[in-house]
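What follows is one structure encoded as structure tokens, with my remarks underneath.
Numbering (UniProt numbering), first residue to last: 1 to 287.
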């Protein structure tokens, strides 16, 4: 058989594999009758001003942790193995996108679960967090909820190397399974991980400044507060997570309202749109 005869067969195999992958790809969930659901919700208020409020606990002091009479520290968590054959891979995706809000780290992928953390250049030595990651190759990423911000912010103080941030903040240690560092018991969602790669921007080093870097991390375990996650381990309740976003300067943002926009599918939308149908019919023929 000539090599040219094998090309169509190879293309057929690739097409079949793509069709199977597409059938199994459940990242984009189909939303039934979204217009009807949206019609029951409050209208988006374009004129609503952005409020600047006090922080949750303006009289917070070092060592207090979350001053809610131990409620946050008493919560139990479920351990999730992202590689467990009984835990669908798509649930990793849904869990991560529902539990991670952009701050100093971001989700890269869900299969395998990968994260990236950035460390900016600053005067003096590198951040202690980066030093520890580089020395141990292990890390725990802990999400920050509204009620934790004062305690978490306290850990950014420029304390001498070796001073315990646990004591400075008053947050509580909780055990981990696959790495040595502890996780934060008060965090709704924590991620154990191991370093895959570190990129230090050596071509941009300036006198007196630490080196800027990126760290690529592969997750090895998830921990989610029991009353904040669904039975499938695929979704975190936003009302329990209460995430914060870090803005410019010393400003933070909280989530006070949300809206939804379902992802559209060409095959569903084309029959309803003359524009889409026309665009498809005007496509140039592939030779």
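Note that beta-carbon positions come from the ideal geometry of N, C-alpha and C, so glycine has one too.
Check: Residue ranges of each alpha helix (DSSP H) within the region 77-139, 4 or longer; Outcome: 89-99 and 128-136
Check: Helix, strand or coil at residue 311 according to DSSP, with G and I counted as helix; Outcome: The chain is shown from 1 up to 287; residue 311 falls before or after that span and cannot be answered.
Check: Alpha helix (DSSP H) segments (min. 4 residues) lying fully within the region 163-208; Outcome: 165-169
Check: Backbone CA spacing between residue 138 and residue 54 [nearest angstrom]; Outcome: 35 Å
Check: Same chain, Cβ closer than 8 Å to residue 143, five either side skipped, listed in chain order; Outcome: 99, 100, 101, 187, 188, 189, 190, 241 and 243
Check: Nearest-angstrom beta carbon gap, residue 169 and residue 152 [assumed within contact, 8 Å]; Outcome: 7 Å
Check: Bounding residues of the alpha helix (DSSP H) (the contiguous stretch that carries residue 65); Outcome: Here residue 65 belongs to no alpha helix (DSSP H), and DSSP marks it neither H nor E.
Check: For residue 158 and residue 172, the rounded distance between their alpha carbons; Outcome: 20 Å
Check: Sub-8 Å separation of residue 116 and residue 130 beta-carbons; Outcome: no
Check: Endpoints, alpha helix (DSSP H) assigned at residue 278; Outcome: 274-281
Check: Residue 39, enclosing alpha helix (DSSP H) - first and last residue; Outcome: 34-39
Check: Buried/exposed call for residue 223, threshold 16 Cβ in 10 Å; Outcome: buried
Check: Enclosing alpha helix (DSSP H) for residue 218 [first to last residue]; Outcome: Per DSSP, residue 218 belongs to no alpha helix (DSSP H); it is in the beta strand (DSSP E), 213-225.
Check: Coarse secondary structure for residue 373, derived from DSSP in three states; Outcome: Only positions 1 to 287 of the chain appear in this structure, which leaves residue 373 out of reach.
Check: Distance between residue 281 and residue 246 (C-alpha atoms, nearest Å); Outcome: 46 Å
Check: Alpha-carbon to alpha-carbon, residue 109 and residue 96; Outcome: 9 Å
Check: Close beta carbons around residue 179, own chain, < 6 Å, minus the five adjacent residues each side; Outcome: 138 and 192
Check: Distance CB(residue 213)-CB(residue 199) smaller than 8 Å; Outcome: yes
Check: Residue(s) in a DSSP beta bridge with residue 243; Outcome: 145
Check: Per-residue burial, residue 49 [other beta carbons within 10 Å of its own, 16 or more giving buried]; Outcome: exposed
Check: Own chain, CB closer than 6 Å to residue 65, minus 5 neighbours either side, in chain order; Outcome: 151, 170 and 171
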